[in-house]
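Peer 1:
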Amino acid sequence: MITILGGGAIGLLLTAVWSRLEQIGLVVRTKRQTESIRKNGIEIVGLKKFVTHPPNVVEFGSTEMVNLLKNTRCLFVCIKSYDTQKVFTKLSRIINRIPEMVIITLQNGLGNKEIISSKIKNKVLCGIITCGATKILDNKVKFAGKGEVVVENFNKITKWLDRIKNSIIPIKVVSNITPYLWKKFIVNCVINPLAAITKLPNGELIKYPQIKQIMKLLVEEDLKVAQNEIKISRNFINQIYNVCKKTSSNINSMLQDILAKRKTEIDFLNGKILEFAKQQGYVLPVNTAIFNLVKYIEKTYAGR
Ligand SMILES: NC(=O)c1ccc[n+]([C@@H]2O[C@H](COP(=O)([O-])OP(=O)(O)OC[C@H]3O[C@@H](n4cnc5c(N)ncnc54)[C@H](OP(=O)(O)O)[C@@H]3O)[C@@H](O)[C@H]2O)c1
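Numbering-wise, this note's numbering puts 533 at position 195 of the sequence shown, and it's gapless, one number per residue.
1) Could you work out which residue in Met439, Lys459, Leu463 and Glu438 is closest to Asn450 when comparing CA atoms only?
2) Where DSSP assigns a beta bridge to Val395, which residues make up the other side?
3) Looking only at DSSP bridge pairs, what is Gly541 linked to?
4) Counting along the chain, where does the beta strand (DSSP E) carrying Val621 start and finish?
5) Under 9 Å between the Cβ atoms of Leu407 and Thr353?
6) Consult DSSP for Glu613 and reduce its assignment to one of helix, strand or coil.
7) Expressed to the nearest angstrom, what Euclidean distance is found between the alpha-carbon atoms of Arg672 and Lys424?
8) Under 7 Å Cβ to Cβ from Glu381, same chain only, skipping five residues before and after it: list those, please.
9) May I ask which residues mark the beginning and end of the alpha helix (DSSP H) holding Thr496?
10) Is it true that the CB of Val632 sits closer than 9 Å to the CB of Pro602?
11) For the pair the region 389 to 398 and the region 362 to 371, tell me if three or more CB-CB distances fall below 8 Å.
12) Is Leu413 near ligand 1, in the sense that its beta carbon is under 8 Å from a heavy atom of that ligand?
13) In three-state DSSP terms, what is Lys503?
14) Would you say the region 493 to 501 touches the region 556 to 564, given that touching needs at least three Cβ pairs under 8 Å?
15) Using CA atoms only, rank isn't needed, just tell me which of Ile467, Asn504 and Ile502 is closest to Val487.
16) Between the alpha carbons of Met592 and Arg501, how many angstroms are there, rounded?
17) If you compare alpha carbons, which of Val511, Leu622 and Ala598 is closest to Gly609?
18) Nearest CA to the CA of Lys428: which residue from Leu444, Ile453 and Tyr518?
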């Protein structure tokens, strides 16, 4: 069994899409959402329009969840990075009793694999998802940007994912995930906070020369830190502009968080870049400014 952890934009989208080809389990946080999906299915709107009724939707912490996890060989983590520590602390006792289960984190940012591995003994793999999605209701998601899932290879992963690998969200299994992870990481460190600060959809960002200039400065700083990990071409900025064009109407996940007055994943994005830079003896003024501005916005939410 393949199970998705987290009934947000990405978790619901993957469950709905992959459920058309394979039995997929879904763990959501609340009873309300469990009941809503059991009753109405998951509705996808946007690029595709359909409804699926996944048969294994369970509430986090329930006996049903324990039984589902016992039958799970592949657990895709689709919760926010800032919830990883808390959620895997709660899951560790259960998951440590299922050593054959492989965990795949599809979360943005860096550091999630290390947090999960510090809580459980199971194999933890990194992956990325390049789709864009927005949760509209407990059981409804807008599929806003086409993309793929890329997963690190391990043992029988290819076999387990065989039936879903050619869906409308294809899965690629690769021997070296590091370049994918770092490129996505830098793209997110540039686009997400700028969209969050300006409240612009991705495509609008590149219409303003002032914002494009900040993007260039961020990329220069990020490439300095990334050079120990991967080789990235100097004109990587053009790839970032392309992502903005391809996902032009997408309200990216950090902007979604800001609009909903939720905590953002900034600590796992620009916060991580700043951590790495400190270890390497660099000072990154533009990343520092962007990081502080997002932290400031989080602090301005009423009542927090
Ligand atoms: N959205 C995108 O377009 C996109 C694209 C690429 C990558 N990503 C990355 O994918 C990850 C998920 O993003 P998202 O946009 O799907 O976030 P999201 O819509 O905020 O969804 C996260 C979900 O995790 C759920 N959750 C929290 N604790 C849980 C628990 N204990 N058990 C079960 N579910 C729990 C939350 O439930 P509640 O709502 O009930 O709290 C929420 O529904 C993030 O790392 C994000 O950066 C997102």
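For every residue, glycine included, the Cβ atom is placed at its ideal position computed from N, Cα and C.
Peer 2: Here's the rundown:
1) Leu463
2) Leu364
3) Note: Gly541 sits in no beta bridge, so no partner.
4) No beta strand (DSSP E) holds Val621; DSSP gives it neither H nor E.
5) no
6) helix
7) Residue coverage of the chain in this structure runs from 339 to 642, which leaves residue 672 outside it and unanswerable.
8) Val389, Asn477 and Lys478
9) Ile495 to Trp498
10) Going by the sequence as given, residue 602 is Thr instead of Pro. For Thr602 and Val632, yes; Cβs fall inside 9 Å.
11) yes
12) no
13) coil
14) no
15) Ile467
16) 32 Å
17) Leu622
18) Ile453
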